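Student:
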Amino acid sequence: MPVPSAPVPAGPEPSAGQTPAATAPSGAFAPGTWSAPARHPDLTPRPPASPVRRLLAPVGSLAAVAGAFTYVGLIDPNHPGHYPVCPLFALTGLYCPGCGGLRSAHAVAHGDLVAALGDNALAVLGYGAAAVLWVLWTVRSVRGSTRRPLPIPRNPALWWAVGGVVLIFTLIRNLPFGSSLAP
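Numbered according to our numbering, the sequence shown spans residues 9 to 191.
1) Leaving out the 5 sequence neighbours to the left and right, which residues in its chain are closer than 8 Å to His118 when beta-carbon positions are compared?
2) Would you decide whether Val143 is buried or exposed? Buried here means 16 or more other CB atoms lie within 10 Å of its CB.
3) Is the Cβ-Cβ distance between Gly101 and Pro191 less than 7 Å?
4) What residue does the alpha helix (DSSP H) around His114 start on, and which one ends it?
5) Just the Cα atoms here: how many angstroms apart are Leu141 and Arg62?
6) Measure the C-alpha to C-alpha separation of Val123 and Thr178 and round it to an integer number of angstroms.
7) Please state whether DSSP places Arg62 in a helix, a strand or coil.
8) Put Leu102 into one of helix, strand or coil per three-state DSSP.
9) Got a sec? Which residues, its chain only, sit under 6 Å from Val174 by beta carbon, not counting five neighbours each side?
10) Are the CB atoms of Tyr103 and Arg162 within a distance shorter than 7 Å?
11) For Gly152, which residues from the same chain have a beta carbon less than 7 Å from its beta carbon, with the 5 sequence-adjacent residues on both sides left out?
12) Leaving out five residues on either side along the sequence, give the residues of the same chain with a beta carbon under 7 Å from the beta carbon of Tyr135.
13) For the alpha helix (DSSP H) containing Val174, list its first residue and its last residue.
14) Where does the unbroken alpha helix (DSSP H) through Leu141 begin, and where does it stop?
15) Which value, in whole angstroms, describes the spacing of the CA atoms of Ala98 and His90?
16) How about Ser112 and Asn86: do their beta carbons lie closer than 7 Å?
17) Could you check what DSSP says for Tyr79 in three-state terms: helix, strand or coil?
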């Protein structure tokens, strides 16, 4: 849907036989003869949010993650029947990168980092990375930073490297010599 523009004020009249586009050598309209379209209301600057409002998203996210870890901490995924089975493992017998993630979250919730690393080391690294990003997000929210909320890098090479690490982790944990990485 086009954005309505402001009414065009009457500018200087072109001389006889000329159109407004012909008044500038580049074919553009002459300066001052046409007005710019009105700005969209969502692009107008807003007043700074209060500190409480700036912290709503980080605190809400923390509450959701804490609730999930509390649930997994209370209901042991080591006992069958509480959680669904990994579909990849059920169909192929292969461990996906997330296999053992619930068991590692259960171990983290109980403070057993060694067991968590044994269940899924990659998930534990993910929990740590998420915690660091959450702290950075909260600090920026407290300071009222107008930059991006999360400092997630946009470099494609980094994301290809992360994907490569996940793929290598998956391959190694499914090979006989990588059984220590299997849940």
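Beta carbons are placed, not taken as given, at the ideal position from N, Cα and C, and that holds for glycine.
Computed from a predicted structure; not experimentally measured.
Tutor: In terms of the structure at hand:
1) Translated into positions along the sequence shown, residue 118 becomes position 110. If we look at His118 and ignore the five residues flanking it on each side, its Cβ neighbours are Gly81.
2) By 1-based counting over the sequence shown, the position of residue 143 is 135. Only exposed fits Val143, as fewer than 16 other CB atoms lie within 10 angstroms of its CB.
3) Taking the first residue of the sequence shown as 1, we reach residue 101 at position 93. Taking the first residue of the sequence shown as 1, we reach residue 191 at position 183. Not in contact: Gly101 and Pro191 (Cβ atoms no closer than 7 Å).
4) Translated into positions along the sequence shown, residue 114 becomes position 106. For His114, the uninterrupted alpha helix (DSSP H) segment begins and ends at 109 to 117.
5) For this step, residue 141 is matched to residue 133 along the sequence shown. For this step, residue 62 is matched to residue 54 along the sequence shown. Rounded to the nearest angstrom, the two C-alpha atoms are 16 Å apart.
6) Locating residue 123 in the sequence shown gives position 115, counting from the first residue. Locating residue 178 in the sequence shown gives position 170, counting from the first residue. Val is not the amino acid found at residue 123; the sequence shown has Ala there. Going by the C-alpha atoms only, they are around 19 Å apart.
7) Sequence index remark: in the sequence shown, residue 62 carries index 54 (1-based). Correct three-state label for Arg62: helix.
8) Here residue 102 corresponds to residue number 94 of the sequence shown, with the count starting at 1. The three-state reading of DSSP puts Leu102 in coil, since its state is none of H, G, I, E or B.
9) Taking the sequence shown and counting its residues from 1, one reaches residue 174 at position 166. For Val174, where only same-chain residues beyond five positions count, the Cβ hits under 6 Å are Pro105.
10) To locate residue 162, count along the sequence shown from 1; it is residue 154. To locate residue 103, count along the sequence shown from 1; it is residue 95. One thing to note: Arg162 has its Cβ no nearer than 7 Å to the Cβ of Tyr103.
11) Locating residue 152 in the sequence shown gives position 144, where the first residue counts as 1. Correct list, in chain order: Pro56, Arg62.
12) Numbered from 1 along the sequence shown, position 127 holds the residue referred to as residue 135. Leaving aside the five residues that flank Tyr135 on each side, the residues in its chain whose CB is nearer than 7 Å to its CB run, in chain order, Val116.
13) Here the question's residue 174 lines up with position 166 in the sequence shown. Where Val174 is concerned, the enclosing alpha helix (DSSP H) starts and stops at 164 to 181.
14) Indexing the sequence shown from 1 puts residue 141 at position 133. In the DSSP annotation of this structure, the continuous segment of the alpha helix (DSSP H) that includes Leu141 starts and ends at 121 to 151.
15) Taking the sequence shown and counting its residues from 1, the one referred to as residue 98 is at position 90. Taking the sequence shown and counting its residues from 1, the one referred to as residue 90 is at position 82. A direct Cα-Cα distance of roughly 16 Å separates Ala98 from His90.
16) Taking the first residue of the sequence shown as position 1, residue 112 is located at position 104. Taking the first residue of the sequence shown as position 1, residue 86 is located at position 78. Taking the C-beta atoms as reference points, Asn86 is found no nearer than 7 Å to Ser112.
17) On the sequence shown, position 71 is the one that residue 79 refers to. Here Tyr79 sits in helix by DSSP.
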